[in-house]
Amino acid sequence: MIDFYPEGWLIDTIGNKLSMQNPATLAQASHDEKILEARALVCDGNHNLIVDLGCMKGIISREDGAIGIKEGVVRDIAVISRVNRPVCFVITGFKKDQHGHTFATLSRKNAQIKCMNQYIKNLKVGDVINAKVTHLEPFGAFVDIGCGIVSLLPIDTISISRIEHPRERFSVGMDIKAVVKSIENDRISLTHKELLGTWAENIEYFSVGETVAGIVRSIEEYGAFIELAPNLAGLAEPKEEIKPGQQASVYIKNIIPARMKIKLIIIDTFDYDYKPTPPNYFFTGDHMDKFVYSPKDSDRAIETIFNSEPNANNTSGNLEKPDKELSYT
């Protein structure tokens, strides 16, 4: 079985480098229709990509730049934005330029079609896949799930703890995992929070009496919600002059597993600009049928069921808003 990866995963691999050693190895890769990666150097005035193959240059024509470019359903920015970044392709042939120099004709679109037919169309709901963050918007993160084919990770699926913007969790170019939430008309919907651990798994890192780091996520009349981990938060007693987004030092006053509650006291808060770090995943398998967030002895069952039926409701117990305290966890 051929493995398909987000763009950037192959470029430094031994197999990829061996295929671009010389014209003979490139010819063999062309014969085998092997997917390779190299860095795009220039996008010319006609939106053709010039690619550095080491022993020669390669050209990806505008129409071969991505699925949907020719039909007008994908904008040319999908090609232009690849300059100075790795691009995947298959070699479709060799030609000579006006000076008699040999160059390779490449197709990123054909690599994407191959990825779509042999990998993406075989995905099932609940599959855990590799992804690379390509860009961030207020409503979610766009991620490459294979050969530059992009899917959306909506902001409310990134973590159980609510965030204002995906940049609080991810940075462009970050390699992450995601779960296939639904598939409709070849459109893949993704989720991420189910990989970040249950309430019980996260609370194992904390104990009553400790003072720990957190982030102020929301301020209400009755207190402040403090994130202790992407899938865990607690309610702190009210305190003046604090604001969302601040770092916090909090004392853990009580932990109540049956109600999934953590009672906190704010010791101090301060402003601090931090860069997101790669996520810590509790789930390491390649498929999940169900994610149960709530502890076994909890008053409520909060879970995600990965159902392959179209338009199925995949969430039981409302994972986003199980109660007031968990509305920000």
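According to the working numbering, the stretch in the sequence shown is residues -14 to 314, in order. In this text, a Cβ means the ideal position worked out from N, Cα and C, and glycines have one as well. The structure presented is a predicted model; accordingly, all values stated were derived computationally and were not measured.
Identify every run of the beta strand (DSSP E) within the stretch 130 to 190, keeping only runs that are complete inside it and at least 3 residues long; order them along the chain. Inside the stretch 130 to 190, DSSP marks whole beta strand (DSSP E) runs of 3 or more residues at positions 134 to 139, 160 to 169, 172 to 176, from first to last along the chain.
- Query: By Cβ distance, which residues of its chain are closer than 7 Å to I250, with the 5 residues on each side in sequence left out?
  - Reply: For I250, where only same-chain residues beyond five positions count, the Cβ hits under 7 Å are A221, E222, V235, Y236, K238.
Query raised in the report: Of all the beta strand (DSSP E) runs that stay within the bounds of the stretch 34 to 74, which reach a length of 3 or more residues?
Result: As far as the stretch 34 to 74 is concerned, its whole beta strand (DSSP E) runs of at least 3 residues are 34 to 37, 42 to 45.
Please name the residue or residues paired with R24 in a DSSP beta bridge. Paired residue(s): D37, P71.
Margin query: When you compare the CB positions of T183 and A163, do they come within less than 8 Å of one another, or not?
Written below: Contact: no.
Notebook entry, point to check: Roughly how many whole angstroms lie between the Cα atoms of M41 and T196?
Noted result: Whole-angstrom Cα-Cα distance: 59 Å.
Q. Could you give the distance in angstroms between the alpha-carbon of L(-5) and the alpha-carbon of I35?
A. Their backbone Cα atoms lie some 18 Å apart in a straight line.
Exercise for the section: Could you name the residues that DSSP lists as bridge partners for I247? Expected result: I247 is bridged to I240.
- By DSSP, does G208 sit in helix, in strand, or in coil? Reduced to three states, the DSSP call for G208 is strand.
Which residues does DSSP pair with F267 in a beta bridge? DSSP lists no beta-bridge partner residue for F267.
Is the CB-CB distance between A25 and V68 below 8 Å? Yes, these two residues count as a Cβ contact at 8 Å.
Check your understanding: Could you give the distance in angstroms between the alpha-carbon of K246 and the alpha-carbon of I211?
Key -> The alpha-carbon of K246 is positioned some 12 Å away from that of I211.
Next on the checklist: If you reduce the DSSP assignment to three classes, tell me which class T119 lands in.
Outcome noted: Three-state DSSP puts T119 in a strand.
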